[in-house]
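What follows is a single structure, written as structure tokens, with notes after it.
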DNA sequence: TTACCGTATAACAATATTGTCAAATTATGG
DNA sequence: CCATAATTTGACAATATTGTTATACGGTAA
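Protein chains in written order, with our numbering: chain A, 14 to 215; chain B, 14 to 215.
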């Protein structure tokens with residue numbers, strides 16, 4: 014087993030790249046093999062079928078940004094203190110893997126029935142996470158803001174700009190990808206203040 | 014030409030449904046024909062090829078929420094006054110066609126090069142739209158907030174919750190689709206206040 | 001009725017895609 | 001070195017998909 018790990022790596026790397034870009038149905042096994050520079054049969058050798066290869070890629074993608082969400086829910090810190098770190102973690106992840114949001118959302122949208130099982134596998138229990146927030150709400154930090162709405166806002170502000178990367182770059186930054194990235198980095202400092210500010214009664 | 018319009022309608026309706034759900038590559042012409050209850054050859058009869066059928070669907074989808082964005086840019090109203098109407102328009106569109114965001118974003122992400130051409134076709138010129146905002150910024154309404162960041166925030170808060178529908182429903186509303194929709198409706202009143210509030214210096 | 005035109009269908013050809021299998025090649029332990 | 005196991009390859013079968021073409025159907029107007 015000298016090169017096995019290596020080729021398996023190459024397969025996953027190419028599969029990620031292409032699945033992210035073109036989706037599951039839009040990517041053929043041959044495409045992946047070509048990109049990896051190996052024989053197509055090897056894909057079946059290491060990953061039984063296309064379904065299983067996709068499954069591996071999808072779970073890896075989920076695993077890349079689910080922990081960020083899970084950690085904040087299970088953290089002992091008060092939410093307000095954890096917020097800046099959370100925002101920074103999410104945005105950094107998005108900058109590193111900008112195609113993941115659409116990839117994951119598209120798959121979950123096509124197969125919504127997968128959600129419950131995946132959440133179980135990822136060890137996420139909404140109830141646990143929320144009891145924590147609800148305590149803080151009682152303590153007055155959230156004011157009148159509904160905790161769920163608040164959570165939706167945070168995720169929206171952090172993730173959407175990456176799902177809409179091409180649109181935003183073209184529409185707001187005249188196609189300048191550098192300027193777009195800079196703007197995303199700025200958001201790491203911009204958002205926490207804005208979010209906390211949104212909790213204040215007008 | 015007695016039934017031609019009717020079958021053509023059926024084709025587009027089924028194509029929209031399936032393309033939205035499974036994407037272009039994930040949907041076969043046969044799938045669409047079956048869903049429409051017609052012979053597959055008719056798809057080629059009315060729309061030369063799969064590419065052209067998809068193109069028709071995609072443009073129709075773009076047309077459904079681009080006007081909302083364009084109108085605010087070209088409106089004579091001051092932005093602050095227009096905001097509530099804009100938010101309501103976008104969210105209502107999303108509620109009616111919840112799958113469009115992912116569908117459009119996925120396609121634009123796969124083919125970013127299409128953006129410039131599409132923007133031209135839709136008659137959107139970023140520069141024109143922004144001169145307007147920049148005036149208002151000078152007049153002090155936006156405070157220190159960068160207009161582009163502000164715009165990103167508005168779109169994120171309005172659109173993302175629909176792109177992430179399945180996740181949010183499962184994660185925050187225990188799979189209760191009704192509760193999810195109610196929450197989205199609430200956002201129509203919630204967001205304008207929150208957005209304006211975010212402009213205030215802390 | 002008949003000739004005609006738009007519409008609909010069935011059959012076909014060409015190509016793509018997936019998964020399997022046997023054979024070849026390479027690495028590894030004795 | 002040799003035997004064995006892991007890895008890689010080429011060839012194959014089965015199926016799916018797309019687009020075309022020739023034909024059939026149905027309404028309409030002369």
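Note that CB positions come from ideal geometry on N, CA and C, so glycine has one too.
### Task
Using a Cβ-Cβ cut-off of less than 9 Å, list which residues of the stretch 162-177 of chain B approach chain A; keep chain order.
From the stretch 162-177 of chain B, only 162, 164, 165, 166, 168, 169, 170, 171, 172, 173, 174, 176 and 177 have a Cβ closer than 9 Å to chain A.
### Alpha-carbon to alpha-carbon, residue 42 of chain A and residue 15 of chain A
Here the question's residue 15 of chain A lines up with position 2 in the first chain. Here the question's residue 42 of chain A lines up with position 29 in the first chain. No answer about residue 15 of chain A holds up, because its pLDDT of 38 lies below 50 and its placement is not dependable.
### Query
With burial defined as no fewer than 16 other Cβ atoms inside 10 Å of the residue's Cβ, what is the status of residue 174 of chain B: buried or exposed?
For the purposes of this step, residue 174 of chain B is taken as the residue at position 161 of the second chain. It counts as buried.
#### Entry: Reduced DSSP category for residue 83 of chain A - H, G, I as helix; E, B as strand; rest coil
Along the first chain, read from residue 1 onward, the residue named residue 83 of chain A stands at position 70. Correct three-state label for residue 83 of chain A: helix.
### Task
Tell me, please, whether the CB atom of residue 183 of chain B is closer than 8 Å to any CB atom in chain A?
Sequence index remark: in the second chain, residue 183 of chain B carries index 170 (1-based). When Cβ-Cβ separations below 8 Å define contact, residue 183 of chain B makes contact with chain A.
### Query
Name the chain B residues that come within less than 7 Å of residue 118 of chain A, Cβ to Cβ?
Residue mapping note: residue 118 of chain A aligns to position 105 of the first chain, counting from 1. Identification of chain B residues near residue 118 of chain A by a Cβ-Cβ cut-off of 7 Å yields 115, 176 and 177, ordered along the chain.
### Message
Looking at chain A, is there any beta carbon in it that lies within less than 8 Å of the beta carbon of residue 200 of chain B?
### Response
Here residue 200 of chain B corresponds to residue number 187 of the second chain, with the count starting at 1. At a cut-off of 8 Å between beta carbons, residue 200 of chain B contacts chain A.
#### Entry: residue 17 of chain A to residue 48 of chain A span [Cα, whole Å]
If you number the first chain from 1, residue 17 of chain A lands on position 4. If you number the first chain from 1, residue 48 of chain A lands on position 35. Legend: pLDDT at residue 17 of chain A = 46, less than 50; position of this residue unreliable, value from coordinates given subsequently. The alpha-carbon atoms of residue 17 of chain A and residue 48 of chain A are separated by roughly 17 Å.
### Query
Using Cβ-Cβ distances below 8 Å, what residues of the stretch 22-39 of chain B are close to chain A?
Residues passing the 8 Å Cβ filter: 34, 35, 36, 37, 38 and 39.
### Message
Taking CB distances under 8 Å as the criterion, tell me whether residue 56 of chain B reaches chain A.
### Response
Locating residue 56 of chain B in the second chain gives position 43, where the first residue counts as 1. Cβ-Cβ to chain A under 8 Å: no for residue 56 of chain B.
### Task
Ignore the nearest five residues each way along the sequence and tell me which others in residue 32 of chain B's own chain have a CB closer than 6 Å to its CB.
Counting from 1 along the second chain, the entry for residue 32 of chain B is found at position 19. 40 and 70, listed in sequence order.
### Query
Which word fits residue 119 of chain B, buried or exposed, when buried means at least 16 other C-beta atoms lie within 10 angstroms of its C-beta?
Looking up residue 119 of chain B in the second chain gives position 106. With 16 or more Cβ atoms within 10 Å of its Cβ, residue 119 of chain B is classed as buried.
### Message
With distance defined between alpha-carbon atoms, name the residue in B/45, B/212, B/92 and B/125 nearest to residue 189 of chain A.
### Response
Counting from 1 along the first chain, the entry for residue 189 of chain A is found at position 176. For the residues B/45, B/212, B/92 and B/125, the minimum Cα distance to residue 189 of chain A belongs to B/125.
### Message
Using 8 Å as the threshold, is the C-beta distance between residue 8 of chain B and residue 172 of chain B below it?
### Response
This structure cannot settle anything about residue 8 of chain B, because the visible part of chain B is limited to 14 through 215.
### Query
Which whole-angstrom value describes the C-beta separation of residue 130 of chain A and residue 34 of chain A, a residue pair presumed to lie in contact below a C-beta threshold of 8 Å?
As a position in the first chain, residue 130 of chain A is number 117, starting the count at 1. As a position in the first chain, residue 34 of chain A is number 21, starting the count at 1. That belief does not hold up - the Cβ atoms of residue 130 of chain A and residue 34 of chain A are roughly 26 Å apart, past 8 Å.
### Message
Please give the ranges of any alpha helix (DSSP H) in the stretch 109-191 of chain B, keeping only runs that are unbroken, at least 4 residues long and fully inside the region.
### Response
Whole alpha helix (DSSP H) segments, 4+ residues: 113-123, 127-134, 139-151, 160-176 and 178-185.
### Neighbourhood of residue 22 of chain B by C-beta, 6 Å cutoff - its chain only, sequence neighbours within 5 removed
Reading the second chain from its first residue, position 9 is the one you call residue 22 of chain B. Residues of the same chain with a CB within less than 6 Å of the CB of residue 22 of chain B, apart from the 5 flanking positions on each side, do not exist.
#### Entry: Separation of residue 169 of chain A from residue 166 of chain B, as counted between CA atoms
Numbered from its first residue, the second chain carries residue 166 of chain B at position 153. Numbered from its first residue, the first chain carries residue 169 of chain A at position 156. Near 8 Å, if we compare the C-alpha coordinates of residue 169 of chain A and residue 166 of chain B.
### Message
Check this for me: beta carbons of residue 161 of chain B and residue 66 of chain A, under 8 Å apart or not?
### Response
Along the second chain, read from residue 1 onward, the residue named residue 161 of chain B stands at position 148. Along the first chain, read from residue 1 onward, the residue named residue 66 of chain A stands at position 53. Going by C-beta atoms, residue 161 of chain B is not nearer than 8 Å to residue 66 of chain A.
### Query
Which class does residue 200 of chain A belong to by DSSP, given the choice of helix, strand or coil?
On the first chain, residue 200 of chain A is found 187 positions in, with the first residue counted as 1. The DSSP-derived three-state label of residue 200 of chain A is helix.
### Query
In chain A, what lies closer than 8 Å to residue 80 of chain B by C-beta?
Residue mapping note: residue 80 of chain B aligns to position 67 of the second chain, counting from 1. Going along chain A, no residue has its Cβ under 8 Å from residue 80 of chain B, so there is no contact; the nearest lies around 15 Å.
### Task
Using the Cα positions of residue 37 of chain B and residue 68 of chain B, report the straight-line distance between them to the nearest angstrom.
Taking the first residue of the second chain as 1, we reach residue 37 of chain B at position 24. Taking the first residue of the second chain as 1, we reach residue 68 of chain B at position 55. Distance between the alpha carbons of residue 37 of chain B and residue 68 of chain B: 10 Å.
### Task
Could you list which residues in chain A have their beta carbon closer than 8 Å to that of residue 132 of chain B, in chain order?
The sequence position of residue 132 of chain B within the second chain is 119, counting from 1. In chain order, 183 and 184 make up the part of chain A whose C-beta sits under 8 Å from the C-beta of residue 132 of chain B.
### Query
Whose CA, out of B/177, B/187, B/183 and B/62, lies closest to the CA of residue 108 of chain B?
In the second chain, residue 108 of chain B corresponds to position 95, counting from 1. Minimum Cα distance to residue 108 of chain B is reached at B/177.
#### Entry: is_contact[residue 52 of chain B, chain A] using C-beta, thresh 8 Å
The sequence position of residue 52 of chain B within the second chain is 39, counting from 1. Chain A has no Cβ within less than 8 Å of the Cβ of residue 52 of chain B.
### Query
Since residue 106 of chain B contacts residue 77 of chain B with CB under 8 Å, what's their CB separation in whole angstroms?
Start at 1 with the first residue of the second chain, and residue 106 of chain B comes out as number 93. Start at 1 with the first residue of the second chain, and residue 77 of chain B comes out as number 64. 6 Å between Cβ atoms; contact.
### Message
Helix, strand or coil, according to DSSP, for residue 91 of chain B in the structure here?
### Response
Mapped onto the second chain, residue 91 of chain B falls at position 78. Residue 91 of chain B: coil per DSSP, three-state reduction.
### Query
Do residue 28 of chain B and residue 45 of chain B have their CB atoms nearer than 8 Å?
Reading the second chain from its first residue, position 15 is the one you call residue 28 of chain B. Reading the second chain from its first residue, position 32 is the one you call residue 45 of chain B. Yes, Cβ-Cβ distance for residue 28 of chain B and residue 45 of chain B is below 8 Å.
### Task
Answer yes or no: do residue 121 of chain A and residue 122 of chain B have a C-beta to C-beta separation smaller than 8 Å?
Position 108 of the first chain, counting from 1, holds the residue named residue 121 of chain A. Position 109 of the second chain, counting from 1, holds the residue named residue 122 of chain B. Taking a C-beta distance under 8 Å as the contact criterion, residue 121 of chain A and residue 122 of chain B do not qualify as a contact pair.
### Task
Output, in chain order, the set of chain A residues within a Cβ distance shorter than 8 Å of residue 180 of chain B.
To locate residue 180 of chain B, count along the second chain from 1; it is residue 167. Going along chain A in sequence order, the residues near residue 180 of chain B (Cβ under 8 Å) are 118, 121 and 128.
### Message
Am I right that residue 209 of chain B and residue 183 of chain A are in contact with their C-beta atoms under 8 Å? What's the rounded C-beta distance?
### Response
The residue labelled residue 209 of chain B in the question sits at position 196 within the second chain. The residue labelled residue 183 of chain A in the question sits at position 170 within the first chain. Between the beta-carbon of residue 209 of chain B and that of residue 183 of chain A there is about 27 Å, and that puts the pair past the 8 Å contact cut.
### Query
Going by alpha carbons, who is nearest to residue 56 of chain B out of B/20, B/30, B/90 and B/74?
Residue numbering aside, residue 56 of chain B sits at position 43 when the second chain is read from its first letter. Nearest option by C-alpha distance: B/20.
### Message
Suppose contacts are defined by Cβ-Cβ distances below 8 Å. Is residue 212 of chain B in contact with residue 132 of chain B by that definition?
### Response
Here residue 212 of chain B corresponds to residue number 199 of the second chain, with the count starting at 1. Here residue 132 of chain B corresponds to residue number 119 of the second chain, with the count starting at 1. No, Cβ-Cβ distance for residue 212 of chain B and residue 132 of chain B is not below 8 Å.
### Coarse secondary structure for residue 106 of chain B, derived from DSSP in three states
If you number the second chain from 1, residue 106 of chain B lands on position 93. Correct three-state label for residue 106 of chain B: helix.
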